[in-house]
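Using our numbering, read the sequence shown as starting at -2 and increasing by one per residue.
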Amino acid sequence: MVYNSGEAMPISEKLIQPRAEGEIAFILKKDLMGPGVTNAEVLAATECVIPCFEVVDSRIQDWQIKIQDTVADNASCGLFVLGDQAVSPRRVDLVTCGMLVEKNGQLLSTGAGAAALGSPVNCVAWLANTLGRFGIGLKAGEVILSGSLVPLEPVKAGDFMRVEIGGIGSASVRFT
């Protein structure tokens, strides 16, 4: 489920062990079908990038998970929050852009685009190419989350989080 920046997210009734991570979301304007998708093709197919929080969850106690658990647990998918600002991916250096994450007004972590397989663009190309081997493509209009740039942070009702990505913008969420 998608939430807009600033909205309250009712995690206590939807999730078990939620954790938040800052990411860059890609909104596609053209389909991408691998294998063979290049970074240049990802950029050409992307309408915009948006700051994002992904709120992941796990049914595995204390997050003591292995890759098999992640697959069985729907890749720990939960919810996500999109920021208000949308920027062309060609207007920002997605490798060096810095990320700041705050929790309850305190700086929690920092990261850069390079933390996601060297570039968030690499992540989208990898996804398109991996899915393409199974005859599945990424479609125009889809939101693609490119991977976390910072460590996962446990969250609970009452927490407020904000992410700021240099050259892109910010997103915030209050958990209820």
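Cβ coordinates follow ideal geometry from the N, Cα and C atoms, glycine included.
Three-state secondary structure (DSSP) of residue i
i      : result
Glu99  : strand
Thr93  : coil
Glu139 : coil
Ser2   : coil
Ser9   : helix
Gly144 : strand
Asn71  : Confidence in Asn71 is poor, its pLDDT being 46 and thus under 50, which makes the residue's placement too unreliable to answer from.
Leu114 : coil
Gly108 : strand
Gly134 : coil
Asn126 : helix
Supposed close pair residue i, residue j - CB separation, criterion 8 Å
i      : j      : result
Leu12  : Val46  : Not really, about 26 Å apart at Cβ, beyond 8 Å.
Leu25  : Leu135 : 6 Å
Val147 : Phe50  : Their Cβ separation, rounded to whole angstroms, is 10 Å, which puts Val147 and Phe50 out of contact at 8 Å.
Glu150 : Leu105 : 6 Å
Val92  : Gly108 : About 12 Å separates the two Cβ atoms, so there is no contact after all.
Opposing strand residues paired with residue i [DSSP bridges]
i      : result
Cys49  : Glu20 and Leu79
Glu150 : Ala17
Val84  : Val46
Gly31  : Partner(s): none; Gly31 has no beta bridge.
Arg25  : Here residue 25 is Leu; the residue named in the question, Arg, does not match the sequence. Paired residues: Thr43.
Residue range of the beta strand (DSSP E) that includes residue i
i      : result
Glu38  : Where Glu38 is concerned, there is no enclosing beta strand (DSSP E), although the alpha helix (DSSP H) it sits in stretches over Asn36 to Ala42.
Ala210 : The structure shown does not extend to residue 210, since the chain is modelled only from -2 through 173, so no value can be given for it.
Limits of the unbroken alpha helix (DSSP H) element including residue i
i      : result
Val160 : That residue, Val160, is in no alpha helix (DSSP H); its beta strand (DSSP E) goes Phe157 to Ile162.
Kindly confirm or deny that the segment 109 to 125 and the segment 31 to 44 touch, where touching means at least three C-beta pairs closer than 8 Å.
Of all C-beta pairs linking the segment 109 to 125 to the segment 31 to 44, three or more are shorter than 8 Å, placing the two stretches in contact.
Would you call the segment 155 to 166 and the segment 84 to 94 touching, i.e. three or more CB-CB distances under 8 Å?
yes
Is it true that the segment -1 to 10 meets the segment 96 to 104, where meeting means three or more beta-carbon pairs spaced less than 8 Å apart?
Contact fails between the segment -1 to 10 and the segment 96 to 104, because fewer than three Cβ pairs, one in each stretch, are under 8 Å apart.
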